[in-house]
Ligand SMILES: Nc1ncnc2c1ncn2[C@@H]1O[C@H](COP(=O)(O)OP(=O)(O)OP(=O)(O)O)[C@@H](O)[C@H]1O
Ligand SMILES: [Mg+2]
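In my numbering, the protein residues as written are 423 to 874.
What follows is the structure in structure tokens.
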């Protein structure tokens with residue numbers, strides 16, 4: 423059903439609503455309840471004037487629909503318990519006005535990810551742990567309709583000929599939809615919630631993602647214009663850390679950010695945010711990350727920040743780092759700083775297959791100063807587990823020198839909270855030291871490293 427508000431406020435929860443009250447024994451999946459809810463829903467579609475609904479603000483739209491539902495319940499003599507009626511009022515409103523059953527999840531701000539694997543399997547991630555919810559869509563068609571409503575925000579439709587789509591909710595959350603025939607088990611929807619409140623480096627210290635001296639080291643390196651790559655697995659907190667580090671960039675600098683979906687929230691006055699563009703319905707009009715990063719170079723940036731480096735734009739970012747755009751930063755998917763280097767190398771090769779490996783490595787070693795490794799630990803917590811400097815080349819390989827790392831103490835204990843300690847490995851050297859010295863920050867970094 424694509425019946426609903428088409429304006430830009432469609433699907434924006436009017437205000438966070440807690441889960442509908444449930445009486446003990448009331449189960450929304452109960453067949454008798456489902457039958458009644460279906461009947462009311464069908465009657466509602468045939469009686470309500472869609473045009474009138476479209477012009478109402480969300481809150482009034484809800485009140486209007488609820489009044490109509492009560493009318494139908496009375497007229498058709500449908501008897502429901504108080505809990506079932508309250509649930510039905512919410513459920514049907516959500517369905518007609520917003521993102522259906524997802525509304526209840528979107529109203530909660532403790533959820534990091536929402537993962538919908540078909541109508542009956544809705545998972546959420548809270549506090550780093552994945553759990554299944556009792557949220558259900560009526561059927562595959564219902565789920566597909568909610569997905570269509572979401573992607574219509576970016577002027578797209580999902581169908582067999584274009585079954586993949588990235589979109590964004592009104593609140594900034596990042597969405598991916600993939601449908602059959604590509605997804606074998608039906609429509610799959612993934613939402614990464616956007617945090618409105620910016621996570622600061624102090625927050626990360628408080629959450630024990632890194633100790634205070636390590637935060638001092640990272641913030642000083644960011645301030646001093648080191649070129650920093652943040653490496654990590656999916657959902658390991660790369661973007662969050664990148665965002666936190668940007669707070670240490672001087673307000674006088676001109677910063678240009680390039681992202682697939684704008685997630686970064688820089689506070690500086692001189693920031694230009696660029697976003698890539700997926701192809702339109704005709705498969706045209708793509709603006710790739712590579713296009714953006716190349717264009718950036720003509721915009722006189724002091725620093726370039728690439729949300730996620732995942733392809734041939736790696737070359738342009740390295741180029742930028744090597745041509746005086748000190749303090750450029752980005753994230754990439756890799757499991758260790760060493761692996762981040764080889765990922766970079768293969769991404770550059772994608773764009774420039776004829777470049778010699780030695781040339782690419784030279785380029786990487788002179789461009790990148792620091793690699794920070796983020797990790798989602800087995801207990802769901804996120805930690806900075808490794809920080810390494812890129813210090814040069816040796817025997818044709820890029821040399822890394824670790825500043826510090828996190829060592830897990832209770833390795834063999836899968837269910838326990840991760841315990842461990844940070845170990846300082848080497849001191850600040852090379853280009854990173856020179857850059858820090860230029861800003862008078864090297865003593866500060868040395869002292870912080872000593873405290874680890
Ligand atoms: N240090 C942290 N402690 C607890 N939660 C965190 C931490 N860092 C990030 N998160 C939460 O984890 C989720 C994923 O974070 P983030 O988007 O930064 O990860 P990512 O590595 O960039 O993911 P992706 O690979 O999907 O881009 C977010 O909901 C974020 O709020
Ligand atoms: Mg990210």
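Just so it is clear, CB atoms sit at the ideal spot from N, CA and C, and this is done for glycine as well.
Please read these numbers as outputs of a predicted model, since none were measured by experiment.
Cα-Cα separation between residue i and residue j, rounded to whole angstroms
{"i": "residue 766", "j": "residue 790", "result": "10 Å"}
{"i": "residue 517", "j": "residue 573", "result": "16 Å"}
{"i": "residue 430", "j": "residue 483", "result": "Note that residue 430 scores a pLDDT of 37, beneath 50, so its modelled location is shaky; the value from the coordinates is reported in the next line. So the alpha carbons of these two residues sit roughly 14 Å apart."}
{"i": "residue 601", "j": "residue 564", "result": "13 Å"}
{"i": "residue 456", "j": "residue 585", "result": "30 Å"}
{"i": "residue 664", "j": "residue 751", "result": "8 Å"}
{"i": "residue 470", "j": "residue 519", "result": "13 Å"}
{"i": "residue 443", "j": "residue 799", "result": "Residue placement at residue 443 is poorly supported in this model, since its pLDDT is 47, which falls under 50; the coordinates are not used for a value here."}
{"i": "residue 723", "j": "residue 747", "result": "7 Å"}
{"i": "residue 606", "j": "residue 566", "result": "14 Å"}
{"i": "residue 594", "j": "residue 533", "result": "14 Å"}
{"i": "residue 672", "j": "residue 690", "result": "8 Å"}
{"i": "residue 453", "j": "residue 510", "result": "14 Å"}
{"i": "residue 870", "j": "residue 626", "result": "17 Å"}
{"i": "residue 696", "j": "residue 873", "result": "39 Å"}
{"i": "residue 829", "j": "residue 682", "result": "34 Å"}
{"i": "residue 588", "j": "residue 685", "result": "14 Å"}
{"i": "residue 835", "j": "residue 841", "result": "10 Å"}
{"i": "residue 460", "j": "residue 503", "result": "16 Å"}
{"i": "residue 675", "j": "residue 693", "result": "8 Å"}
{"i": "residue 623", "j": "residue 648", "result": "17 Å"}
{"i": "residue 716", "j": "residue 735", "result": "8 Å"}
{"i": "residue 583", "j": "residue 604", "result": "10 Å"}
Backbone secondary structure at residue i - three-state DSSP
{"i": "residue 805", "result": "strand"}
{"i": "residue 488", "result": "helix"}
{"i": "residue 501", "result": "coil"}
{"i": "residue 425", "result": "Low confidence applies to residue 425: its pLDDT is 33, below 50, so where it sits in the model is not reliable enough to give any reading."}
{"i": "residue 847", "result": "coil"}
{"i": "residue 855", "result": "helix"}
{"i": "residue 872", "result": "helix"}
{"i": "residue 811", "result": "strand"}
{"i": "residue 660", "result": "helix"}
{"i": "residue 564", "result": "helix"}
{"i": "residue 753", "result": "strand"}
{"i": "residue 666", "result": "helix"}
{"i": "residue 687", "result": "coil"}
{"i": "residue 616", "result": "coil"}
{"i": "residue 509", "result": "helix"}
{"i": "residue 781", "result": "helix"}
{"i": "residue 439", "result": "With a pLDDT of only 47 at residue 439, under the threshold of 50, the placement of this residue in the model should not be trusted; the figure read from the coordinates follows. Three-state result, residue 439: coil."}
{"i": "residue 828", "result": "strand"}
{"i": "residue 588", "result": "strand"}
{"i": "residue 631", "result": "coil"}
{"i": "residue 464", "result": "helix"}
{"i": "residue 680", "result": "strand"}
{"i": "residue 576", "result": "helix"}
{"i": "residue 604", "result": "coil"}
{"i": "residue 786", "result": "helix"}
{"i": "residue 822", "result": "strand"}
{"i": "residue 744", "result": "helix"}
{"i": "residue 380", "result": "This structure does not reach residue 380, given that the chain is present from 423 up to 874, and the question cannot be answered."}
Residues of its chain near residue i, where Cβ-Cβ distance is below 6 Å and the 5 sequence neighbours each way are ignored
{"i": "residue 458", "result": "500"}
{"i": "residue 867", "result": "639, 642, 850 and 858"}
{"i": "residue 646", "result": "857, 858, 861 and 863"}
{"i": "residue 562", "result": "541 and 608"}
{"i": "residue 810", "result": "759, 793, 822 and 824"}
{"i": "residue 709", "result": "698 and 699"}
{"i": "residue 660", "result": "652, 654, 753 and 796"}
Beta carbon of residue i nearer than 9 Å to that of residue j
{"i": "residue 700", "j": "residue 609", "result": "no"}
{"i": "residue 759", "j": "residue 850", "result": "no"}
{"i": "residue 591", "j": "residue 537", "result": "no"}
{"i": "residue 769", "j": "residue 733", "result": "yes"}
{"i": "residue 753", "j": "residue 654", "result": "yes"}
{"i": "residue 523", "j": "residue 568", "result": "yes"}
{"i": "residue 738", "j": "residue 763", "result": "no"}
{"i": "residue 677", "j": "residue 712", "result": "no"}
{"i": "residue 855", "j": "residue 631", "result": "no"}
{"i": "residue 614", "j": "residue 597", "result": "yes"}
{"i": "residue 749", "j": "residue 680", "result": "no"}
Short CB-CB distance (under 9 Å) between residue i and chain C
{"i": "residue 798", "result": "Checking the listed chains, one finds no chain C in this structure; it contains a single protein chain."}
Cβ neighbours of residue i in the same chain (closer than 8 Å, five flanking residues each side left out)
{"i": "residue 451", "result": "556 and 558"}
{"i": "residue 466", "result": "487, 490, 491, 494, 514 and 518"}
{"i": "residue 644", "result": "650, 667, 668, 670, 671, 749 and 751"}
Neighbourhood of residue i by C-beta distance below 7 Å, restricted to the same chain and skipping five residues each side
{"i": "residue 787", "result": "812, 814, 815 and 820"}
(message) I need the residues with a C-beta less than 6 Å from some heavy atom of ligand 2; please give them in chain order.
(response) 660, 661, 730 and 753
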